[in-house]
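Visitor:
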Amino acid sequence: MPCLQQMQVPRIALAKQKFETCSRSWMYTSLQPSFWPHPTEVEYTVEVPDDIIIKAFFAMTTLIDDLSRLRAEVAELWAKHNAGELDLATVSVATNTAIELARSLEANVYPAYKHFNEIIPFHELSWAGICHSYEIDIHQKKSYADDYNYNAYDLADAFFINSRKALRVFPGNYSPGDLANYNGKWGRFDEKASKLPTSNKDKYLRDKSTLQEMLQDLPLLHNRPGIVEDQFVFSFAAARESYSHENTKPPPVWTAFAAQIYFNILYSTKVGAGWEQMRNTAASLQRYVNAHPQACTNLKTVLKPVNEILAADPIATMRRALGSKYTDYTIWRRNPTTCGL
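For the sequence shown, our numbering assigns the number 22 to the initial residue and increments by one for each residue that follows.
Below you can see the structure in the form of structure tokens.
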């Protein structure tokens with residue numbers, strides 16, 4: 022009688038033979054086309070730009086359109102003031118409110134282009150696109166020193182680009198804590214000029230230099246919030262803060278709007294007229310306070326910082342101490358809105 026080990030060997034050999042036979046059969050079958058899995062049908066579609074780009078450009082266009090209408094309304098108010106129909110305080114408060122409204126308008130639409138604005142200067146890119154539609158290449162400059170192709174000046178003016186570019190220059194040359202002193206590199210604003218600039222380049226340089234002269238004094242007002250607090254000062258602070266973000270975050274559009282409003286008012290009103298009105302009004306109120314000291318305690322408090330400025334221009338005093346030539350009350354004479362507030 023065979024032992025158990027002898028009986029198991031034929032069984033193992035038989036199982037191995039069956040396994041090899043089945044394996045060869047499976048390999049042969051798997052090579053036949055009928056055995057292959059049917060491929061999944063793939064649908065191909067044409068890629069289209071994400072509508073976030075369209076929404077971003079639409080938001081910027083809407084914002085510029087709203088700011089343009091607001092700019093026209095402010096200009097109309099100052100025209101009425103120049104004609105004697107509105108007083109200085111009324112148009113100054115309205116102008117201040119308009120700049121506040123511009124900030125709110127941008128805040129409402131900013132989320133639509135926030136992503137792009139943190140990567141590229143989206144405001145300027147939108148303007149470049151508009152110029153391209155008019156067949157103007159903003160990079161086709163006549164001189165290397167030009168900031169852009171000045172054939173696009175009018176479109177830049179409409180898009181608040183001139184004021185934006187002028188606004189960006191100052192933070193790049195200004196260090197907080199230092200007394201800014203514009204050296205006249207691009208010229209100076211001539212208060213007594215009998216002729217307006219005619220070429221687009223001269224218009225742009227006037228904008229650029231005029232804003233530098235104002236911005237050099239504005240930090241001094243910003244550091245003294247008890248004397249003057251208006252949206253021009255706040256817009257400068259906002260532009261300076263945005264510039265400090267590693268020079269990658271462009272100034273908000275509403276700050277360029279504020280600078281453009283400053284240009285429009287300065288170019289359309291008599292320089293120093295608002296300052297004279299403020300002086301006369303303050304003198305009249307001071308006479309009333311002197312006559313009724315007990316009845317006008319609040320008014321006396323309000324007039325105190327004004328009288329300090331009227332007694333001596335603190336900015337002129339500081340600049341002359343450092344050896345700079347400076348005309349008294351320049352920032353107030355050129356900015357009637359500040360005087361009206």
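Cβ coordinates follow ideal geometry from the N, Cα and C atoms, glycine included.
1) Drop a sphere of 10 angstroms on the beta-carbon of K189, count the other beta-carbons inside from all chains shown, and report buried for 16 or more, exposed for fewer.
2) Using the rule of at least 16 other Cβ atoms within 10 Å of the residue's Cβ for burial, across every protein chain shown, is Q281 buried or exposed?
3) Between S89 and A187, which are expected to be in contact by the criterion C-beta below 8 Å, what is the C-beta distance as a whole number of angstroms?
4) Considering only the alpha carbon of each residue, which of T116, W148, L107 and A110 lies closest to L84?
5) If I follow the unbroken alpha helix (DSSP H) through T290, where does it start and stop?
6) Please state the DSSP three-state secondary structure of W148.
7) Between the C-alpha atoms of T82 and A279, what's the straight-line distance to the nearest angstrom?
8) Is any heavy atom of the ligand HEM found at a distance shorter than 7 Å from the C-beta of K186?
9) Is it the case that the segment 338-353 contacts the segment 231-238, given that we only count it when at least three CB pairs across the two stretches are under 8 Å?
10) Let's see if you can read the secondary structure: which residues bound the alpha helix (DSSP H) around A177?
11) Assuming G361 is part of the alpha helix (DSSP H), what are its boundary residues?
12) Just the C-alpha distance for T359 and L98, rounded to the nearest angstrom, thanks.
13) Contact between the segment 202-209 and the segment 164-177: three or more CB pairs below 8 Å?
14) Is it buried or exposed for E106, if we count other Cβ within 10 angstroms and need 16 for buried?
15) Enumerate in chain order the residues of its own chain whose CB-to-CB distance from I151 is below 8 Å, with the five nearest sequence positions on each side excluded.
16) Go to I330, then tell me how far its alpha helix (DSSP H) extends in each direction, as first and last residue.
17) Would you tell me roughly how many angstroms separate the C-alpha atoms of A332 and L126, rounded to the nearest one?
18) Expressed to the nearest angstrom, what Euclidean distance is found between the alpha-carbon atoms of D211 and L320?
19) Exposed or buried, what is R355 when buried is set at 16 or more other beta-carbons lying within 10 Å of its beta-carbon?
20) Hey, would you say P271 sits closer than 8 Å to N138, going by beta carbons?
21) Any idea what DSSP makes of Q237, helix, strand or coil?
22) How about V327 and H144: are their beta carbons less than 8 Å apart?
23) Could you pull out every residue in the same chain whose Cβ sits closer than 7 Å to the Cβ of L306, ignoring the five residues on either side in sequence?
24) Assign D199 to buried or exposed, taking buried as 16 or more other Cβ atoms, counted over all protein chains shown, within 10 Å of its Cβ.
25) I think N285 touches R92, with their Cβ atoms under 8 Å apart; what is that distance to the nearest whole Å?
26) Counting only runs of 4+ residues fully inside the segment 63-120, write out the alpha helix (DSSP H) ranges in chain order.
27) Are the CB atoms of A119 and G361 nearer to each other than 8 Å?
28) Assign Q252 to one of three DSSP states: helix, strand, or coil.
29) My output table needs one value for T219: the three-state DSSP class, helix, strand or coil.
Guide: According to the data block:
1) The residue you asked about is not Lys; residue 189 is Arg in the sequence shown. That one is buried.
2) buried
3) So it is not a contact: roughly 18 Å between Cβ atoms.
4) W148
5) No alpha helix (DSSP H) contains T290, which DSSP labels as neither H nor E.
6) helix
7) 18 Å
8) The model on display carries no ligand, and the ligand HEM is accordingly not part of it.
9) yes
10) Y174 to A179
11) P357 to G361
12) 16 Å
13) no
14) exposed
15) L176 and F180
16) T318 to A332
17) 40 Å
18) 36 Å
19) buried
20) yes
21) coil
22) no
23) L320 and L324
24) exposed
25) 7 Å
26) 72-103
27) no
28) helix
29) coil
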